[in-house]
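In what follows, a single structure is set out as C-alpha cells and then discussed.
2 protein chains.
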Amino acid sequence: MKNYFSSDFKLGVLGGGQLGRMLLTETQKFDIHTSILDSNATAPCAEICNTFVLGDLLDFDAVYNFGKTVDLLTIEIENVNLDALDKLEDEGLTIYPKPQDLRIIQSKARQKNFYIDHQIPTAEFSHYAYLEELKHSFENNIIDFPFVWKAARFGYDGNGVKIVRNIDDLQSLPNVECITEKLIPFKNELAVIVARNADGEIATYPVVEMEFHPEANQVEYVICPARIDFKVAEKAREVALNVVSKLDFVGLLAVEMFQTVDDKILVNEVAPRPHNSGHYSIEASYTNQFEQHLRSILNLPLGNTESKVAGIMVNLVGEEGFSGDVIYENLNDILRIDGVTPHIYGKKETRPFRKMGHVTIVNSDIDTAREIAQKVKETIRVISK
Amino acid sequence: MKNYFSSDFKLGVLGGGQLGRMLLTETQKFDIHTSILDSNATAPCAEICNTFVLGDLLDFDAVYNFGKTVDLLTIEIENVNLDALDKLEDEGLTIYPKPQDLRIIQSKARQKNFYIDHQIPTAEFSHYAYLEELKHSFENNIIDFPFVWKAARFGYDGNGVKIVRNIDDLQSLPNVECITEKLIPFKNELAVIVARNADGEIATYPVVEMEFHPEANQVEYVICPARIDFKVAEKAREVALNVVSKLDFVGLLAVEMFQTVDDKILVNEVAPRPHNSGHYSIEASYTNQFEQHLRSILNLPLGNTESKVAGIMVNLVGEEGFSGDVIYENLNDILRIDGVTPHIYGKKETRPFRKMGHVTIVNSDIDTAREIAQKVKETIRVISK
Numbered sequence: 016m017k018n019y020f021s022s023d024f025k026l027g028v029l030g031g032g033q034l035g036r037m038l039l040t041e042t043q044k045f046d047i048h049t050s051i052l053d054s055n056a057t058a059p060c061a062e063i064c065n066t067f068v069l070g071d072l073l074d075f076d077a078v079y080n081f082g083k084t085v086d087l088l089t090i091e092i093e094n095v096n097l098d099a100l101d102k103l104e105d106e107g108l109t110i111y112p113k114p115q116d117l118r119i120i121q122s123k124a125r126q127k128n129f130y131i132d133h134q135i136p137t138a139e140f141s142h143y144a145y146l147e148e149l150k151h152s153f154e155n156n157i158i159d160f161p162f163v164w165k166a167a168r169f170g171y172d173g174n175g176v177k178i179v180r181n182i183d184d185l186q187s188l189p190n191v192e193c194i195t196e197k198l199i200p201f202k203n204e205l206a207v208i209v210a211r212n213a214d215g216e217i218a219t220y221p222v223v224e225m226e227f228h229p230e231a232n233q234v235e236y237v238i239c240p241a242r243i244d245f246k247v248a249e250k251a252r253e254v255a256l257n258v259v260s261k262l263d264f265v266g267l268l269a270v271e272m273f274q275t276v277d278d279k280i281l282v283n284e285v286a287p288r289p290h291n292s293g294h295y296s297i298e299a300s301y302t303n304q305f306e307q308h309l310r311s312i313l314n315l316p317l318g319n320t321e322s323k324v325a326g327i328m329v330n331l332v333g334e335e336g337f338s339g340d341v342i343y344e345n346l347n348d349i350l351r352i353d354g355v356t357p358h359i360y361g362k363k364e365t366r367p368f369r370k371m372g373h374v375t376i377v378n379s380d381i382d383t384a385r386e387i388a389q390k391v392k393e394t395i396r397v398i399s400k
Numbered sequence: 016m017k018n019y020f021s022s023d024f025k026l027g028v029l030g031g032g033q034l035g036r037m038l039l040t041e042t043q044k045f046d047i048h049t050s051i052l053d054s055n056a057t058a059p060c061a062e063i064c065n066t067f068v069l070g071d072l073l074d075f076d077a078v079y080n081f082g083k084t085v086d087l088l089t090i091e092i093e094n095v096n097l098d099a100l101d102k103l104e105d106e107g108l109t110i111y112p113k114p115q116d117l118r119i120i121q122s123k124a125r126q127k128n129f130y131i132d133h134q135i136p137t138a139e140f141s142h143y144a145y146l147e148e149l150k151h152s153f154e155n156n157i158i159d160f161p162f163v164w165k166a167a168r169f170g171y172d173g174n175g176v177k178i179v180r181n182i183d184d185l186q187s188l189p190n191v192e193c194i195t196e197k198l199i200p201f202k203n204e205l206a207v208i209v210a211r212n213a214d215g216e217i218a219t220y221p222v223v224e225m226e227f228h229p230e231a232n233q234v235e236y237v238i239c240p241a242r243i244d245f246k247v248a249e250k251a252r253e254v255a256l257n258v259v260s261k262l263d264f265v266g267l268l269a270v271e272m273f274q275t276v277d278d279k280i281l282v283n284e285v286a287p288r289p290h291n292s293g294h295y296s297i298e299a300s301y302t303n304q305f306e307q308h309l310r311s312i313l314n315l316p317l318g319n320t321e322s323k324v325a326g327i328m329v330n331l332v333g334e335e336g337f338s339g340d341v342i343y344e345n346l347n348d349i350l351r352i353d354g355v356t357p358h359i360y361g362k363k364e365t366r367p368f369r370k371m372g373h374v375t376i377v378n379s380d381i382d383t384a385r386e387i388a389q390k391v392k393e394t395i396r397v398i399s400k
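Chains A and B supply the protein sequences, listed in that same order. By the working numbering, the letter at position 161 of the first sequence is numbered 176, and the numbering carries on one by one without gaps. By the working numbering, the letter at position 194 of the second sequence is numbered 209, and the numbering carries on one by one without gaps.
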C-alpha cells in the first residue's frame with residue numbers, strides 16, 4: 016500500500032467549494048498534501064489547502080495541467096472537463112470517481128438512461144435537446160401539467176429543477192437540454208450514501224430522510240436515521256447498492272430516492288462525492304463522509320458508518336431580500352443549545368437561497384433533535400450588513 | 016456581541032504546532048480568519064492557516080508586531096514573550112489566556128507558589144536557581160533520593176521532568192532553574208479540562224485518567240471517563256474549578272492531578288490551552304476542546320462537555336532508534352478497526368519520543384475501547400525510511 020501520510024504523495028481535488036473545504040479537514044487530520052483547482056480566487060478552499068491553483072474546471076488545459084501535478088485526482092463537483100480526465104487516465108493517472116462514471120452522472124439524461132438500461136427503478140422521463148422540442152411535445156399532448164423539468168446538465172444549488180404547473184411556468188424555462196418526469200406523489204425523499212474502494216470493499220450509511228423547502232427546492236432538514244419502516248430502509252439500501260454495483264463505482268456515491276405512496280423506491284439522482292445529505296455524519300457518525308471519501312479513493316479500509324447519536328442537519332441559505340457581505344444573525348443564540356454545531360462555509364457574500372453553511376444537531380433522542388432543529392431554523396438568519 | 020464569522024475579525028495564535036493545527040479545524044468550521052506566528056517555516060500550521068508569520072515566540076518585537084495585526088490574541092504554547100503581551104494588553108488588545116496567568120503558569124516555581132498561596136493541594140516542593148544549589152541541598156541532607164526534578168521553565172514533550180534516583184541521575188541534570196518534589200506514590204494521574212469565558216460562564220469536561228510511559232514520561236493512554244470512584248472524580252473537579260477561580264482564568268485550562276494512595280487530590284501542573292488529555296474530545300465529546308477554547312476566548316456561549324461515547328487516546332511518538340523522514344507503519348491495519356481515528360500532525364521528521372500524532376478510539380463500551388487501544392498501540396509504529 017502507498018504511504019499517503021506526511022509523504023510526498025499529492026492528492027488533487029477539482030473544485031474548491033464547501034465540500035472541498037470539509038474534505039480538507041480530513042486531509043489535514045491525516046496530513047495528506049492536497050492541491051485544489053478552482054476558478055474563484057476566494058473559493059472556500061483557497062487559503063487553507065496546501066496548494067491552490069486558479070483555473071476553470073471546464074477548461075481542458077486547466078484540468079489537464081493540474082492533473083499532471085498530482086498523484087491521484089478526485090472531485091468535489093461533477094461538472095468538470097471530462098476529456099481532460101480521459102486523457103489523464105490514459106496517461107496513467109488514477110482518478111476516482113472514474114471519468115466514465117462522471118460522464119454518466121454529469122448528464123441527467125444519461126443517468127436516467129443508465130437506470131433504465133440496468134433495471135434500476137426510477138420515474139419515467141422524456142429527454143429534449145431544446146426547449147422548443149419540449150413545447151412541441153406539450154402542444155401535441157404528449158406531455159401534460161404538472162411535470163418536473165430538469166436541466167440535463169449543470170444543475171446546482173436548486174437551480175436546474177422546476178415543477179411546471181402551467182403555461183407561464185413552461186414559457187419561463189431556459190432554452191437548454193432537459194429532461195421531464197411525471198410529478199410522482201411520494202411519502203418521503205430518502206438518501207443513502209455508499210462508499211466503495213478499489214478493492215471492492217463496500218460500506219453504506221444509514222438511510223436518511225430529507226425535507227425540502229417547497230419554493231427554493233433545497234433541503235431544509237436531513238434526518239438520520241430516517242423515521243421509516245425498517246423494510247423500506249432495507250429496500251432503499253439495496254437499490255443504492257445496486258446503483259454502485261452497476262456503475263462499478265469507486266468513491267462515495269450519494270443516492271437520492273423517492274419513497275412512493277405505495278412504498279416503492281425510485282432513484283431520483285446520484286452525486287459521485289460527499290453530499291449535503293451526509294453532512295450530519297461529521298458530528299453523528301463514527302466515520303464521517305469526508306473521511307470515508309478519502310478512504311475509498313485512496314483504497315484504504317473503509318470506516319464504521321454507524322452513528323454515535325441521532326443527527327439532523329439544517330442548511331443555512333441566504334435569506335430572500337438580502338445580498339452582500341454576510342451576517343449570521345443570532346448565531347450565538349444557537350451556540351447556547353446542547354449538541355448544536357454550525358459550519359460556516361467561508362463565502363463572504365450572501366444572496367437569496369445561496370448555500371452559506373449548515374448546522375448539525377445531535378442528540379441521543381431523535382425527537383429532541385428534531386425540536387432543536389426547528390428552533391435553530393427559526394432562530395438563525397443569514398442576512399447582509 | 017462581535018461578529019466573528021466570515022467577517023474582518025482576525026484571531027491571532029502564538030504557536031503553529033499540532034495544537035494550533037487542531038484549533039484551525041475549528042476556526043475553519045466557523046470561518047474565523049486565523050493568523051499564526053511560529054519560528055518554523057514548516058510548522059504544522061504553516062500551510063493551512065489564513066496568514067502565517069515567521070517569527071520567534073520569545074522575541075519581543077516578533078510577538079509585539081504580530082499582536083498589532085490581530086483583533087484578539089491567544090496561544091497554543093505558553094512559552095511566549097510576556098513583556099510583549101503586557102504591552103499589547105496595555106495598548107488595548109484582548110489576550111486570552113491573560114498574560115498575568117501565563118506569567119504564573121510559565122514558571123513551575125511560580126505555579127507551585129500560587130497553589131500554596133491559595134491553599135490548592137499540591138506536592139511539597141523546593142526551588143533552586145541553579146543546579147549547584149540543588150546539589151548543595153543534597154550534600155547537606157536537606158533533600159534525599161528519590162525525588163522528582165522539574166525544569167522551572169520550557170519543559171515540553173517529556174523533557175524537563177526527571178525522576179532522580181541516584182547520584183548519576185543528579186550529576187546528569189542540566190544546570191537550570193528547577194524545582195524538586197517528593198516522589199509521591201499515587202494510584203492515578205487524572206486531568207480535568209475547564210473552560211471559562213469572559214462572562215464567567217464555566218464548563219468542565221469529565222475527569223480523565225492517564226497512563227504514562229515509564230521511561231519517556233509521556234502519556235501513553237488517556238481514558239475518558241476515568242475509571243474511578245464518583246466521589247474522587249467530584250473532588251478532582253472541585254479542585255480544578257478552584258484553580259480556575261483563583262486564577263480568574265479565561266480560556267481553557269487543563270489541570271493535571273494525582274490521586275494519592277489515600278485518595279487525596281494533588282495538583283501536579285496546569286496548561287492554559289487545549290491539552291493532550293483532551294484530544295479524545297474531538298471524536299467523543301459533543302463539543303471538542305478546540306471548539307471550546309475558541310468559544311471561551313471569544314466569549315461565546317460554552318458548549319456541552321458531555322461525551323457521546325467512551326474515548327481513549329494513544330499518543331503516536333517516534334520510536335527509539337529512528338530519526339528522519341517519518342513512516343507510519345501499519346497505519347492501514349488500525350484503520351480497519353471500528354471507531355479508530357488517527358491524527359497525523361504533519362511533522363515530516365521523526366525522532367525518538369517526538370509527538371508525531373495521536374489515535375482516538377471511541378466505543379460505546381469503555382472496556383472494548385481499552386482493548387482496541389492496546390491493539391492500536393501494539394500495531395502502529397512511527398519509524399523512518
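Yeah, the Cβ is synthetic: ideal placement off N, Cα and C, and Gly gets one too.
Three or more Cβ pairs closer than 8 Å define a contact, and the region 347–361 of chain A falls short of that threshold against the region 258–275 of chain A. Non-local beta-carbon contacts of T66 of chain A in its own chain, meaning distances under 6 Å to residues more than five positions away in sequence, involve S50 in chain order.
Inter-residue distance for I119 of chain B and W164 of chain B is about 19 Å (C-alpha atoms, whole angstroms). Between T137 of chain A and Y130 of chain A, the beta carbon gap of about 4 Å places them in contact (Cβ cut-off 8 Å). Of all residues in the region 326–348 of chain B, only V341, I342, Y343, L346 and N347 place a beta-carbon less than 7 Å from a beta-carbon of chain A. For the pair L103 of chain B and L88 of chain B, the CB atoms are nearer than the 8 Å cut-off. Contact between G318 of chain B and Y301 of chain B is confirmed by a C-beta separation of about 6 Å, below the 8 Å threshold. When the beta-carbon positions are compared, K370 of chain A and Q33 of chain A come within less than 8 Å of each other. By the CB criterion at 8 Å, H373 of chain B and M328 of chain B fall inside the cutoff. The beta carbon of L73 of chain B is closer than 8 Å to those of N94, V95 and N96 in its chain, skipping five residues each way along the sequence. Residues of the region 125–149 of chain A with a C-beta atom less than 7 Å from some C-beta of chain B do not occur. Spatial neighbours of I199 of chain A in its own chain (CB-CB distance under 8 Å, excluding positions within 5 residues in sequence) are listed in chain order as A138, F273, T275 and L281. For L313 of chain A, there is no enclosing alpha helix (DSSP H), as DSSP gives it neither H nor E. In terms of Cβ geometry, R211 of chain B and I90 of chain B do not form a close pair [threshold 8 Å]. By the criterion of at least three beta-carbon pairs nearer than 8 Å, the region 187–205 of chain A is not in contact with the region 302–315 of chain A. Per DSSP, E204 of chain A is one residue of the beta strand (DSSP E) stretching across F201 to R211. Contact between the region 207–224 of chain A and the region 307–327 of chain A is present: three or more C-beta pairs spanning the two stretches fall below 8 Å.
DSSP, read as helix, strand or coil, puts F169 of chain B in coil.
Against chain A, the beta carbon of P112 of chain B has no neighbour under 9 Å; the closest one sits roughly 21 Å away. Relative to the Cα of V223 of chain B, the nearest Cα in the group B:V332, B:G339, B:K17 and B:G326 belongs to B:G326.
Residue pairing for N378 of chain A: DSSP places it in a beta bridge opposite A:A325.
By the beta-carbon neighbour count (other beta carbons within 10 angstroms, threshold 16), F160 of chain A is exposed.
Secondary structure at L256 of chain A: helix, using DSSP grouped into helix, strand and coil. Within the region 118–197 of chain B, the complete beta strand (DSSP E) segments at least 3 residues long are 140–143, 162–166, 176–179 and 193–197, listed from N- to C-terminus. Listed along the chain, the chain A residues whose CB falls inside 7 Å of the CB of N18 of chain B are I342. Look at Y79 of chain B here: in three-state DSSP terms it is helix. Judged by beta-carbon spacing, A269 of chain B lies within the 8 Å limit of I208 of chain B, meaning their Cβ atoms are closer than that value. Between S311 of chain A and T365 of chain A, the gap from beta carbon to beta carbon reaches 8 Å or more. Considering only B:K362, B:D382, B:V341 and B:R385, the residue with the shortest C-alpha distance to Q43 of chain A is B:K362.
For S338 of chain B, the CB contacts under 8 Å within the same chain, skipping 5 residues up- and downstream, are E364, T365, R366, P367 and S399 in chain order. Judged by their CB atoms, G31 of chain A and G82 of chain A are not nearer to each other than the 8 Å cut-off. If you draw a 10 Å sphere on the C-beta of G336 of chain A, you find fewer than 16 other C-beta atoms in it, and that means exposed.
Per DSSP, the beta bridge partners of A218 of chain A are A:A210. Buried is the label assigned to A206 of chain B, since at least 16 other Cβ atoms lie within 10 Å of its Cβ. Considering only beta carbons, no part of the region 239–268 of chain B lies closer than 8 Å to chain A.
By the beta-carbon neighbour count (other beta carbons within 10 angstroms, threshold 16), T40 of chain B is buried.
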